[in-house]
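Below is one structure, written out as structure tokens; the observations come after it.
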Amino acid sequence: MRGSFSGLRSEAAGVVRTAMVSAENLQLALRSDVRLEERAFNPRNYGSPEETRIKGNEDLKVMLESNKESLKLEAMKRLVGLIAKGKNASELFPAVVKNVASKNLELKKLVYVYLVRYAEEQQDLALLSISTFQRALKDPNQLIRASALRVLSSIRVPIIVPIMMLAIKEAATDLSPYVRKTAAHAIQKLYSLDPDQKEHLIEVIEKLLKDKSTLVAGSVVMAFEEVCPDRIDLIHRNYRKLCNLLMDVEEWGQVVIINMLTRYARTQFISPWREDCAFDCNTDRSFYESDEEKKDAAVQAYVMDPDHRLLLRNTKPLLQSRNTAVVMSVAQLYWHLAPKLEVSIVTKSLVRLLRSHREVQYIVLQNIATMSIQRKGMFEPFMKSFYVRSTDATHIKTLKLEILTNLANEANISTVLREFQTYVKSQDKPFAAATIQAIGRCATNISEITDACLNGLVLLLSNRDETVVAESVVVIKKLLQTQPSQHSDIIKHMAKLFDNITVPMARASILWLIGEYCEHVPKIAPDVLRKMAKTFPSEEDIVKLQTVSLAAKLYLTNSKQTKLLTQYILNLGKYDQNYDIRDRTRFIRQLIVPSERGGALSKYARRILLAPKPAPVLQSAFKDRDRFQLGTLSHTLNSKATGYLELSDWPPEAPDQSVRNVEVVEVMKEWAPSVGKAKAAKKSDDKFYSDSGEEEEGEEEEGDSSSSEEESSSDESSSESESEKSESESSQSEKSNDSGSDEKKKKTRKNKKLQQAKKPHSDSDEDQKYGHSGGSGSGSSEESSSGSSESDSESSSDSDSGTDQKKLSKSKPRQKVEETLEREISLLDLDDFSPAPVTTTKSSILSPSLLSDLHGLSLSSSTPAIQLSSPVFVPVHTRELLHRMTGKGLAAQYHFPRQPCIYGNHMVSVQLTLSNHGDHNLEDIHISEKTSTGQNIHRFSPIECLEPEKSVTVSVGVDFNDSTQAASFQLCTKAEGFSVSILPPVGELLLPVTMSEQDFSKEQGKLLGMNESSATISMAPDSISSQPIHKKVVNVANMGVVPSGQDNVHRFAARLVSSGALVLVCVVQKDTSAQLTVNTEKTVIASMLLRELQTVLSAP
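Using the working numbering, the first residue of the sequence shown is number 1154, and each one after it goes up by one.
This is how it looks when you write it as structure tokens:
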């Protein structure tokens, strides 16, 4: 008993002793770890920055080599933080690589982030862990697989190229789109490491291009651009898919895809800018048009390829993107690919980007500067957006100044010059000098203001700032070369200011002017040369060279007074320190002073030195930048950068469209082959009863169209149907449509029986008449929509049974209503020439009374709140277009009849009265095809002969684009042409509308803030009683009078002809004054209309 007890006691003592030893060891370990953590996280323990870095790296190394996952994780977080701050952490690479096989997922991600950064620098150590990376490629976690591939592709050692190639091929077939995206990124790295792998990489790219994931699209297109940008054949079958996926791709991928598709489109579609072709947006043909006329129209008409339109339509919504790079990419795509009439839709989006950061403004303004040279009308309505702000940087100010100079024309030059006058006073001297250069460019481009600009620049010569004076002298020198004989006073004035000007370039310019036109100032030129002889040794080199040239010219023209001065200056130049001046002096001496040894050139000295020199052309610095693609680095630098891919020219003939068709395997043939047979068997019966048969009869009555038009329309419809098939296959919607086909057939059979029982035969005959008349209209409407609705109607008729088609033929009036609805809906999208078809319900049964009620129903069943009204009669204001003296007997006057233009909804109607005041007949009076401005002008038919003292009135249509800029063109006779301009008053750009007082207040509430312009007018009592206010307003502006319940409130409303923007005018009359308010989104129109109304309302 006592022995057993002592045994237990000794055993318990051993256990306690073991536990105490373990606890003591654990306590020591915990203390060391805690002290390590305290040292790692306490920055006070470190001394100098270098010591801090060394101690920190040692502590991080100890933490990475510890056994605790938390310490390793914390160390890796700190390492990634150092990398993010730009600090060098490559010394810890060996300690980090040891943790690459860690089982902790978070730790492994951070290790891979570190390895991607330093694998290229520490290649030898990274190669030791390559087997770990290969194992990680099979990891269940997609992030680990992608990270392992990223690290593997970052090890730039040629020996592992086969391993990388195998890894990329496996990753390209991975189930995770993120891994496939990483594989696309790795393709570019492998290609830069070993270009010999190009063929194998192209196979992987071709496979990834077929990927339907939006995550992969941008990365694989980037790999395509880097590896094989010339392999356009890889894009053909994926073109429509990329266009349709564009909206869902990430922003970086959108930029890459848009740039690639821009290059692709320039090689696959014909140019929409061809001058010999008209843009055919309406393919309707006249009923009695001959076959020859149709063939000519088919040759000249341009019909946009449906795939070309698909690209423009799918990129247009991206103009609203928050990413500036995406907006800029879409803008350059429209600039390089879109028809000229559609490019202007990018204007507002580009102007919106000017509110962004300074760096974004710089790039956007550079592109706008290039665009504004070719198409001023795009940015002219937004001119105020380019006014310089005091907070802008100098390079931003200079670009805005460049754009304002490009946009300047006869209509807005007064506003631009007033703005420039403010800029000249700027404290930013380089900007002030650039402003003076801009004034010179405006004076050169617009001859009417040359004298005014010269006078203004002469006034600047007395400015205190030397930079302004110097630049003014340089610009005046260039302007005087255009008309030197008329401005000798300016040369004299500049010679008087010569002593006060110290800038070398300005002094040299004055000397050049005096020497070039010394015959116009014979008394002043020798005196200036005398002054220069005194200061010659102390002048700058450029001034000395011009002094030598001045002495030589005066020696040839006035040798009596200047012979000794010339010899003195030539002797000074002979011993000058600058070798250029010495060489010039020797050359001039041998040229003007003949000697025995030489002197063969002395006979030609006057012709050499005093030869007439052409006036310099002041051009924009961005004039030649359009050779580069907009938005690229090459365009920004104005020099071809490495990797820049040039845009190819448009092909002369359209390549084959069928290369973009994708073969789709029809699933329904596998399980229901009898459906196709039944459809083929009933084809002839359907043609007799169905709408398609009647439409074909209508087309036969209209006349046989040319085979080329039918082939082109069929090609378009087939291509669009193929694209629709590919879209439906991608969305996997065919199964759902096929599943409900049997139920659809049963419903159509029941509806057919009910309809045949209800409907009498007389109604069916009348319905056939309606259907025949509506069939031709629907055919033309479908034809005008570029074949898209045709293909849709065929597909819908194929999907339905024959009984369903017979039912539709019975209910023709309802179908006519639906066709009118479809036609009106297609007109809602004005930017799209091939609108999406509108599906119509086919299972409803309508009674004859209901059909008569629905007959003629339009989309807007209720009366619209705003309607166009007839204009109020006002006296005709006739303006002179061409004086009889200028026109050599032909006189022309024009006036605005204030009637809707029959040539186009966006045109203003103008009536021309042509008179022959000569003594002989004027033949072939017409308007030339080319206009000097950007307006679209509908010309009148040529007048074969106009006898003396006879007049004829013709009508033209002009699209002024909501601008008062004059429409310039040439009015030609058989003998010659005369340049004329139609200057529209702002009030004639409107069409009157009518609305209720409530609608007026509602619309006015939408146009507040910057869309509202107001002024207070003082009105004399005589002016109030002499003529009603509404007569004065209507006499100036073509506006409709809105009924008002108050006697002192007058309201007027109109729409702008071109854009359709609403213009509201309200005059609140008080005792001796009136409050005038103009509301419209077109601020330029509002300010101009406000000034016109102020003038007429305040006049007695």
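Cβ coordinates follow ideal geometry from the N, Cα and C atoms, glycine included.
Keep in mind that this is a model prediction, so the values were computed, not measured.
Other residues of its chain near Gln1275: CB distance less than 6 Å, five sequence neighbours each side excluded: Phe1246
Express the C-alpha separation of Ile1411 and Leu1398 in angstroms, rounding to a whole number. C-alpha separation (whole angstroms): 11 Å.
Local conformation of Arg1462 per DSSP, three classes: helix
Once you ignore the five residues that flank Pro1657 on each side, which residues in its own chain have a CB closer than 6 Å to its CB? Listed in chain order, the non-local C-beta contacts of Pro1657 below 6 Å within the same chain comprise Glu1693, Ile1695, Val1696, local neighbours out to five positions each way being set aside.
Cα separation between Ser2104 and Leu2143? 29 Å
My output table needs one value for Leu1980: the three-state DSSP class, helix, strand or coil. Confidence at Leu1980 is low in this model, with a pLDDT of 37, below 50, so its placement is unreliable and no value can be given for it.
At which residues does the beta strand (DSSP E) containing Asn2089 begin and terminate? 2089 to 2091
Which value, in whole angstroms, describes the spacing of the CA atoms of Val2133 and Ser2226? Each residue's alpha carbon lies about 41 Å from the other.
Between Lys1342 and Ser1306, which are expected to be in contact by the criterion C-beta below 8 Å, what is the C-beta distance as a whole number of angstroms? 4 Å
Could you tell me the boundaries of the alpha helix (DSSP H) in which Ser2116 lies? Segment: none, Ser2116 is in no alpha helix (DSSP H) and carries neither H nor E.
If you follow the alpha helix (DSSP H) that Cys1606 is in, where does it begin and where does it stop? 1603 to 1613
Enclosing alpha helix (DSSP H) for Asp1132 [first to last residue]: Outside the displayed span of the chain (1154 to 2253) sits residue 1132, for which this structure offers no information.
Can you pull the DSSP bridge partners for Glu2165? Looking at the DSSP output, Glu2165 bridges to Asn2232.
Buried or exposed for Pro1559, please, with buried defined as at least 16 other CB atoms from any protein chain shown within 10 angstroms of its CB. A small correction: the amino acid at residue 1559 is Asn; Pro does not occupy that position in the sequence shown. Label assigned to Asn1559: buried.
According to the neighbour-count rule (16 or more other Cβ atoms, all chains shown, within 10 Å of its Cβ), is Phe2026 buried or exposed? exposed
C-beta atoms of Leu1226 and Met1216 nearer than 7 Å: no
Quick one: what's got a C-beta closer than 6 Å to Ile1761's C-beta in the same chain, skipping five residues either side? none
Taking a contact to mean a Cβ-Cβ separation below 7 Å, would you say Ser2022 touches Gly2193 in this structure? yes
Just tell me which of Leu2035, His2036, Arg2051 has its CA closest to the CA of Val2029. Arg2051
Is Asn1241 buried or exposed, if buried means 16 or more other CB atoms sit within 10 Å of its CB? exposed
Would you call the region 1700 to 1716 and the region 1667 to 1685 in contact, with 3 or more CB pairs under 8 Å? yes
Given a threshold of 16 other Cβ atoms within 10 Å of its Cβ, counted over all protein chains shown, does Leu1319 qualify as buried or as exposed? exposed
Which one of Ala1299, Asn2074, Ala1648, Ala1279 has the shortest CA to CA distance from Ile1312? Ala1279
Helix or strand or just coil, what does DSSP make of Arg1508? helix
Short check: CB of Gly2110 to CB of His2091, under 7 Å? Cβ atoms of Gly2110 and His2091: closer than 7 Å.
Anyone know if the C-beta pair for Leu2043 and Leu2075 falls short of 7 Å? Their beta carbons are under 7 Å apart, which means Leu2043 touches Leu2075 by this criterion.
Other residues of its chain near Val1310: CB distance less than 7 Å, five sequence neighbours each side excluded: Within the same chain, and ignoring the five residues on either side of Val1310 in sequence, the residues whose Cβ sits closer than 7 Å to its Cβ are Gln1276, Leu1280.
Would you give the residue range spanned by the beta strand (DSSP E) that Gly2130 belongs to? DSSP places Gly2130 inside the beta strand (DSSP E), whose first and last residues are 2130 to 2135.
Looking only at its chain, what residues have a beta carbon closer than 6 Å to the beta carbon of Ser1372, apart from the 5 residues adjacent to it on each side? Lys1334, Ala1337, His1338.
Between the CA atoms of Arg1427 and Glu2245 - distance to the nearest angstrom: 41 Å
Pick out whichever of Pro2053, Glu2033, Cys2054, Tyr2056 has its Cα sitting closest to the Cα of Ala2045. Glu2033
Looking at the structure shown, is Gly2193 part of a helix, part of a strand, or coil, going by DSSP? strand
Which whole-angstrom value describes the C-beta separation of Phe2131 and Ala2120, a residue pair presumed to lie in contact below a C-beta threshold of 8 Å? About 15 Å separates the two Cβ atoms, so there is no contact after all.
Between Ser1509 and the rest of its own chain, which residues show a CB-CB distance below 7 Å, the 5 nearest in sequence each way excluded? Thr1477
If the criterion is Cβ atoms closer than 7 Å, does the pair Leu1707 and Ala1678 meet it? It is a contact, given that the beta carbons lie within the stated cut-off.
Can you look up Cys2098 in the DSSP assignment and give me helix, strand or coil? strand
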